[in-house]
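Okay, so the sequence shown: first residue is 1 according to UniProt numbering, each after it adds one.
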Amino acid sequence: MSNGGTKYVTIMIVPDGAAEHQYQWRTPLFVLKLIGVALGLLVIGIILFFVFYGTMVARTAMAERLKAENEELKRYRNKVKILEDNLYQTRDMVRRLTKLAGIDYQFPDLPSDSGLMAGDSTPAPAILERGLSSDSTMPSGLPVSGFISKEFEIDDKTHYHPGVDIPCKVGTPVLATGSGRVLFAGIDSTYGKMIVIQHNDSVTTLYGHNDSLLVSMGEQVSVGSRIALSGNTGVSTAPHVHYELRVNNKPINPLENSYDKKTLQQ
1 MSNGGTKYVT
11 IMIVPDGAAE
21 HQYQWRTPLF
31 VLKLIGVALG
41 LLVIGIILFF
51 VFYGTMVART
61 AMAERLKAEN
71 EELKRYRNKV
81 KILEDNLYQT
91 RDMVRRLTKL
101 AGIDYQFPDL
111 PSDSGLMAGD
121 STPAPAILER
131 GLSSDSTMPS
141 GLPVSGFISK
151 EFEIDDKTHY
161 HPGVDIPCKV
171 GTPVLATGSG
181 RVLFAGIDST
191 YGKMIVIQHN
201 DSVTTLYGHN
211 DSLLVSMGEQ
221 VSVGSRIALS
231 GNTGVSTAPH
241 VHYELRVNNK
251 PINPLENSYD
261 KKTLQQ
């Protein structure tokens with residue numbers, strides 16, 4: 001049906017058995033076409049939404065997975081770097097200790113890139129617990145074997161550390177590095193369960209963060225005797241032994257005997 005060039009469509013609804021009640025709807029044809037186009041666009045829009053949404057979700061999941069893998073790789077590389085650093089540090093410290101002990105040993109050169117793998121993280125050789133010394137009262141070596149996780153530093157005030165930290169399992173025997181008298185055996189706010197040994201009038205050694213103490217104040221100890229079991233007490237983030245060597249209450253790097261025995265005996 002048309003009227004003045006405009007085409008109309010009449011839709012009639014006749015209920016079954018009720019011909020007298022008829023419903024009709026007359027609308028221009030272009031309106032129906034617009035409705036059809038709108039419905040088609042709506043369907044296409046819904047389809048495109050779900051397609052792009054699914055793609056976005058998949059890409060987001062992939063990005064999160066790649067981010068997690070990158071973080072894991074970064075942690076792995078950091079672990080490898082720590083192992084390499086420990087290897088070089090241990091090699092250097094063993095060289096200095098053997099030189100101090102009068103042992104002439106040539107270490108093989110390490111490659112510039114050790115290529116350490118996670119499965120090859122064998123600890124480096126343990127540091128000598130005690131160097132060779134004719135005087136057992138003179139501290140020498142370290143109280144436990146292991147890597148140095150934090151080195152001696154007194155020049156840089158922001159990283160001041162008057163001793164060395166040696167990581168070890170809780171309960172590892174801590175040995176006296178020289179003979180002497182126990183000057184202190186108790187609890188310190190920083191070093192937790194701590195022992196201080198006086199070796200002569202000017203030389204003392206300190207052993208901190210212990211789990212338990214095996215000696216008492218005033219007790220005489222000999223070099224190499226067990227004085228404590230290592231732990232994680234005091235201000236500490238992981239089990240280790242904090243070891244200090246002092247001459248006239250001045251911190252001395254226990255890994256360097258540049259002070260030699262004459263300095264200790266003054």
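Quick reminder that beta carbons are idealized off the backbone N, C-alpha and C, glycines included.
- Exclusion of the five residues before and after T190 leaves G208, G234 and V235 as the residues of its chain whose Cβ lies within less than 8 Å of its Cβ.
- In terms of Cβ geometry, L213 and A185 form a close pair [threshold 8 Å].
- When the five nearest sequence neighbours on each side are left out, the beta carbons in the same chain lying within less than 6 Å of the beta carbon of R181 are those of Q198 and Q220, in order along the chain.
- In the three-state reduction of the DSSP assignment, D211 falls in the strand class, which pools E and B.
- In this structure L175 is not in contact with I252, their Cβ atoms being roughly 19 Å apart against a cut-off of 8 Å.
- A Cβ-Cβ distance of about 6 Å is found for the pair S230 and N210, placing them in contact under the 8 Å criterion.
- As the crow flies, the alpha-carbon of P162 is around 49 Å from that of T60.
- Bounds of the beta strand (DSSP E) holding P167 are V164 to P167.
- With respect to V203, V247 sits close: the two C-beta atoms are nearer than 8 Å.
- Spatial neighbours of C168 in its own chain (CB-CB distance under 7 Å, excluding positions within 5 residues in sequence) are listed in chain order as V144, G146, S230, P239, H240 and V241.
- S179 counts as buried, since at least 16 other C-beta atoms from the protein chains shown sit within 10 angstroms of its C-beta.
- Counting along the chain, the unbroken beta strand (DSSP E) around P173 starts and ends at P173 to L175.
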